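Q:
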Amino acid sequence: MKTIYMDHVATNPLHPEVLDAMMPYFREIFGNPQSIYEPGIRAKEAVENARASTAALINAKPKEIIFTSSGAEANNFALKGIAYASRNKGTHIIVSKIEHHSVLNPARFLEKSGFAVTYVPVDKYGTVDPDDVKKAITKETILISVIHASPEIGTIQPVDEIGRIAAEKGIVFHVDAVASAGNIPVDVRSLNVDLLTFAAHQFYGPKGAGALYVKEGTRIVPLIYGGIQEGGRRAGTENVPAIVGMGKAAEIAKRDMQKRIEHVTPLRDRIIDSALKIDKVTLTGHPERRLPGHASFVVEYIEGEAMLLLLAGKGIYSASGSACSSKALKASPVLISIGIPAHLAQGSVVFTLGEGTTGEDIDYFNETFPQVIGRLREISPYAKGWEGAEDPTCTVKK
Amino acid sequence: MKTIYMDHVATNPLHPEVLDAMMPYFREIFGNPQSIYEPGIRAKEAVENARASTAALINAKPKEIIFTSSGAEANNFALKGIAYASRNKGTHIIVSKIEHHSVLNPARFLEKSGFAVTYVPVDKYGTVDPDDVKKAITKETILISVIHASPEIGTIQPVDEIGRIAAEKGIVFHVDAVASAGNIPVDVRSLNVDLLTFAAHQFYGPKGAGALYVKEGTRIVPLIYGGIQEGGRRAGTENVPAIVGMGKAAEIAKRDMQKRIEHVTPLRDRIIDSALKIDKVTLTGHPERRLPGHASFVVEYIEGEAMLLLLAGKGIYSASGSACSSKALKASPVLISIGIPAHLAQGSVVFTLGEGTTGEDIDYFNETFPQVIGRLREISPYAKGWEGAEDPTCTVKK
Amino acid sequence: MYSEKVMDHFTNPRNVGEMPDADGVGTEGNPVCGDVMKIFIKVKDDRITDVKFQTFGCGAAIAVSSMVTEMAKGMTLDEAMKITKSSLADALDGLPPQKMHCSNLGADALHKAIEDYRKKQGK
Amino acid sequence: MYSEKVMDHFTNPRNVGEMPDADGVGTEGNPVCGDVMKIFIKVKDDRITDVKFQTFGCGAAIAVSSMVTEMAKGMTLDEAMKITKSSLADALDGLPPQKMHCSNLGADALHKAIEDYRKKQGK
Ligand SMILES: Cc1ncc(COP(=O)(O)O)c(C=O)c1O
Ligand SMILES: Cc1ncc(COP(=O)(O)O)c(C=O)c1O
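Residue numbers (our numbering), protein chains in the order written: chain A, 290 to 687; chain B, 290 to 687; chain C, 1139 to 1261; chain D, 1139 to 1261.
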């Protein structure tokens, strides 16, 4: 069976050029970059070259890039690292309500350690109002952290405006750009950010490589203490092949970005147009200010995981924010934050396209998706409406 | 020129079977293990299989293994994670003076956050006296962390005895086994440990994969918060190929361990016997209780980095604990902790052997090493002794 | 993730549909949690002669619903009352642990349908 | 890490050795820090006619020592006093930043040797 990967926001296949670039560092050039003999020196050079191209992707200087093992690590590093570095200046942090767990959960941890956190709301499209951020600022505020683009609903935030507000007030501004960097232009100078998280596997690079951009002069406390790797700011033997892969993927992303955007945008629009013709299917996230390859919906009366399984049975691989499809068994807080009632959030589906997606894939998808919906609605007790479904809370029985 | 890699404690080449095992996860099986379609499900299965063989290497249960990106991450996780989880029970931590930076530096960070740390001394062989640990215990003690084997001097600690003391007092015991696990038998049950750090690249596995063993029932706070990966204890998209590589390397290490030990031990002994015939060359670390492939020396009157460079010029790749060879420009605290004066510590060299080391390599090495020493002593002003070199402190001029 | 049996019952669920003239109806679950099962039974001489279901929920929920209808059909009411979460999971060659409690509502919905029938009879 | 020039001077250092009848001797550095340079000069008519060095230290330290002796030989004392850390580093096509301060003691040792000569002359 032909399979169609429509979950590029979860992770991506390696670009073949990326794997080629990595291979020598699994073989001959296996040395530790801190060593002063040939295989170590060459590994070190490779890491520094990768740093330069990774920096170039976001218009940063090489020394402003700290490699990490993932987006989640970089987000934890940013939040805890700035909080601990600036705790004598203040103890208030602002984040939005639609942050990724790897921002929200460190924020909650910091709340338990004596910091106060304000969670700024979003509108029905999932957009943060920069004015709300401005209003949340107190004399104690040391950090503002806002996601650039939501992996669940695709909405792109006005981070440039928020960056301007933060800069005016002299508050450190962190952006979680995991879902955006490498897919749309991200320029740390024009966005006015002090820290920015991104991850290689989101743009055809390897898993195991992420980065935190830290603007020159910004004080940050390490998350991983130890040796002098990454300028003493992130210890651990460097994962050389993954770092090399990130550098190569960044180089390719920069080169092909416009082409990729032009490729996925019309395909995504065809999905949205077709899906919105189905009864009781709505788009989630912003209709225009959204990731170019991102189409996300709520389908009423049926549940997301069941859709994913039937779609997978037809060779289409996608994602959902429903409680059943998450191992945490909770409806996506992002969908709740944009005002979608919990029972509707169960019908969430997310399709994300990539450079391998073809027009025929979309034809097949647009034919299959309504069938899957129809099939599940045949089984659903709510096929004709939600009557009798008003119980507002869910307590899991054990 | 033939090159001889004698720095296996810095990092290791990948075992060819390990790379083979990893390759499919860079290609077809690239899915996110949290996804519920074929490439994700297969990635998940691979991660769980790797968890089982990684656990088997140290006689743990699969669910007691949390994958991390490195030994340094696992050490930071262990120290901070136990400190934050147990701070209501007490705020005192015990570590030895010859811990790795990735234990010492988080300990120092915790000192700044309200914890008290006792640094237990070592004898001239670098061995911790379990009685010293016992004496250091107070009612406030919540964690004892001791390195299993030193990468710099090879000494193996009596962790089983320390584990017994910790268990009697009900104190959590962490062992940094990065330099030992995979190279000598490590059994978490017989060592009585609650947490144990190890890293794949130390036993022919990939960089980018480490693990923290956390005994069932031990409460630990995450270092990297976020999603529900690793049972909610370590967030971030799993680095599937590296995890698979760690699992495979663990399986091979278990299978070949005895053979590897029997291979390197006599080769190492030949190095030690030959080097100790040279005037003013002494062994560092314990003469018997040391890593099987580990030979470390102090060579008087000359400096370590210069030795490394001349040796590298002859194709021999090795390491040193001298100030000049560290990017931090400080003589190794481990050498200082065993009572070696700082000017002698500058003459440190470390040779670590692996399964690829041959008898001819050792012949060549034993011929070359005295030549290199002789050559540098010809240049040294101290060739006949240390007179006039008593200045006890070093202040770097800028 | 799911056993072959689960996938079979999910992909080809048995006894799907409404039953306008049901003798008993039972609903269990809550759409807010993600799983709701509705079971319809026809009863004759204390025996379930026909059974149908409607389910809002994940793959496990649909498979469990299908399985419970297959098992219950032809049973006496007392026998059917003995169907449990774990007998259903066993019949499906197991369910992922996190699905055991949330999505395995088939027995409860069936028991409610039987109670509903008995209550109506009692009237 | 090191330039070819550094590696050349490190591997084949020029003017190594003691000079028992030196007119001036200068030592700079500290073995505790890892680098010590000892420079010996012979002077005739205010000009350095011969120079030798002994060094305890890393590759950079040895290369710097070798280079400073090559540069100084034949210079007048005043010219030699103008040799600096950075002119030495330039002559070696650069040094890694962390080596600039610790291992680049050649000029200081040379200057000390010249001062030593001048002091002796003054006597
Ligand atoms: C004893 C010990 N602990 C921790 C580490 C850190 O491991 P990694 O560099 O894999 O993070 C090392 C590194 O060699 C080590 O030898
Ligand atoms: C917006 C956002 N932030 C952070 C992360 C975490 O990244 P990783 O899974 O690479 O650690 C993700 C993951 O998809 C993400 O979409």
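Here a beta-carbon is modelled for each residue, glycine too, at the ideal position from N, C-alpha and C.
Owing to the predicted nature of the structure, the values given are computational and were not obtained by experimental measurement.
Where does residue 1205(D) land, buried or exposed, given buried means 16+ other C-beta within 10 angstroms?
A: Per the 10 Å Cβ criterion, buried.
Q: Taking Cβ-Cβ distances shorter than 7 Å, what residues in chain B pair up with residue 296(A)?
A: In chain order: 324.
Q: Rounded to whole angstroms, what is the Cα-Cα separation between residue 609(B) and residue 512(A)?
A: Roughly 27 Å separates the two Cα atoms.
Q: So does residue 611(B) have its beta carbon nearer than 7 Å to some heavy atom of ligand 2?
A: No.
Q: Residues in the same chain with beta-carbon distance under 7 Å from residue 1143(D), minus the five sequence neighbours each way, listed in chain order, please.
A: So the qualifying residues of the chain are 1230 and 1231.
Q: Output the boundary residues of the alpha helix (DSSP H) element that contains residue 1203(C).
A: Note, residue 1203(C): alpha helix (DSSP H), 1197-1210.
Q: List in chain order the residues whose CB is within less than 5 Å of at least one heavy atom of ligand 1.
A: Chain-ordered list of matching residues: 525(A), 526(A), 359(B), 360(B), 361(B), 389(B), 391(B), 440(B), 465(B), 467(B), 468(B) and 488(B).
Q: If distances are taken between C-alpha atoms only, which option among 1140(D), 1154(D) and 1256(D) comes closest to residue 664(B)?
A: If we check each option's Cα against that of residue 664(B), 1154(D) comes out closest.
Q: With distances taken between CB atoms, is the gap from residue 1181(C) to residue 1161(C) smaller than 8 Å?
A: Yes, these two residues count as a Cβ contact at 8 Å.
Q: Residue 667(A) touches chain C at which residues, Cβ-Cβ below 7 Å?
A: Within chain C, the residues near residue 667(A) are 1154.
Q: DSSP state of residue 1175(C), grouped into three classes?
A: Strand at residue 1175(C).
Q: If you reduce the DSSP assignment to three classes, tell me which class residue 605(B) lands in.
A: Three-state result, residue 605(B): strand.
Q: Go to residue 363(B), then tell me how far its beta strand (DSSP E) extends in each direction, as first and last residue.
A: Unbroken run through residue 363(B) is the alpha helix (DSSP H), 360-375; no beta strand (DSSP E).
Q: Considering only the alpha carbon of each residue, which of 648(B), 501(B) and 627(B) lies closest to residue 415(B)?
A: Cα-wise, what sits closest to residue 415(B) is 627(B).
Q: Which residues bound the beta strand (DSSP E) around residue 590(B)?
A: Premise fails: residue 590(B) is in no beta strand (DSSP E) and is neither H nor E.
Q: Note down, in chain order, every chain C residue with its Cβ under 8 Å from the Cβ of residue 591(A).
A: Chain C residues near residue 591(A): 1194.
Q: Are there 16 or more other CB atoms within 10 angstroms of the CB of residue 565(A), so buried, or fewer, so exposed?
A: Counting Cβ neighbours within 10 Å, residue 565(A) comes out exposed, since fewer than 16 surround it.
Q: Residue 319(B): which of 339(A), 493(A) and 477(A) sits nearest, CA to CA?
A: Nearest C-alpha to residue 319(B): 493(A).
Q: I want to verify the contact list: residues of chain B whose CB lies under 7 Å from the CB of residue 1235(D), in sequence order.
A: Here the premise fails: no neighbours, minimum Cβ distance about 10 Å.
Q: Give me the residue from 1224(C), 1177(C) and 1201(C) with the minimum Cα distance to residue 1248(C).
A: It is 1177(C).
Q: Using the DSSP secondary-structure output, state which residues sit across from residue 1190(C) in a beta bridge.
A: Residue 1190(C) is bridged to 1178(C).
Q: Where does residue 508(B) land, buried or exposed, given buried means 16+ other C-beta within 10 angstroms?
A: With fewer than 16 Cβ atoms within 10 Å of its Cβ, residue 508(B) is classed as exposed.
Q: In whole angstroms, give me the CA-to-CA distance for residue 1193(C) and residue 1140(C).
A: Rounded to whole angstroms, residue 1193(C) to residue 1140(C) spans 18 Å at the Cα level.
Q: Output the distance between the C-alpha atoms of residue 670(B) and residue 591(B), rounded to the nearest integer angstrom.
A: If I take the Cα positions, the gap works out to 9 Å.
Q: According to the neighbour-count rule (16 or more other Cβ atoms, all chains shown, within 10 Å of its Cβ), is residue 377(A) buried or exposed?
A: With fewer than 16 Cβ atoms within 10 Å of its Cβ, residue 377(A) is classed as exposed.
Q: Per the contact definition of three or more C-beta pairs closer than 8 Å, is the region 569-588 of chain A in contact with the region 640-658 of chain A?
A: Taking 8 Å as the limit for Cβ pairs, the verdict is that the region 569-588 of chain A does touch the region 640-658 of chain A.
Q: Please identify the residue among 1251(C), 1246(C), 1256(C) and 1259(C) whose C-alpha is closest to the C-alpha of residue 1173(C).
A: Cα-wise, what sits closest to residue 1173(C) is 1246(C).
Q: Who are the neighbours of residue 1174(C) on chain A, taking C-beta pairs under 7 Å?
A: By Cβ distance, chain A contributes 670.
Q: Using a cut-off of 8 Å between C-beta atoms, extract the partners of residue 496(B) located in chain A.
A: Within 8 Å Cβ-Cβ: 526, 527, 528, 529, 530 and 531.
Q: Just how far apart, CA to CA, sit residue 408(B) and residue 348(A)?
A: Cα to Cα, the separation comes out at about 44 Å.
Q: Mind listing, in chain order, the continuous alpha helix (DSSP H) runs of no fewer than 4 residues lying wholly within the region 612-667 of chain B?
A: You should have 622-626 and 631-634.
Q: Taking a Cβ distance cut-off of 8 Å, strictly less, list which residues of the region 631-646 of chain B are near chain D, in chain order.
A: So the list reads 631, 632 and 635, given in the order they occur along the chain.
Q: Which residues in the same chain have their Cβ closer than 6 Å to the Cβ of residue 595(A), if we skip the five residues on either side of it in sequence?
A: Excluding residues within five positions, the ones whose Cβ falls inside 6 Å are 665.
Q: Kindly indicate which three-state DSSP category residue 1222(D) falls into: helix, strand or coil?
A: Residue 1222(D): coil per DSSP, three-state reduction.
Q: Is it buried or exposed, residue 334(A), if we count other Cβ atoms within 10 angstroms and call 16 or more buried?
A: Exposed.
Q: Can you determine whether any heavy atom of ligand 2 sits closer than 7 Å to the C-beta of residue 436(A), and answer yes or no?
A: Result yes, Cβ under 7 Å from ligand 2.
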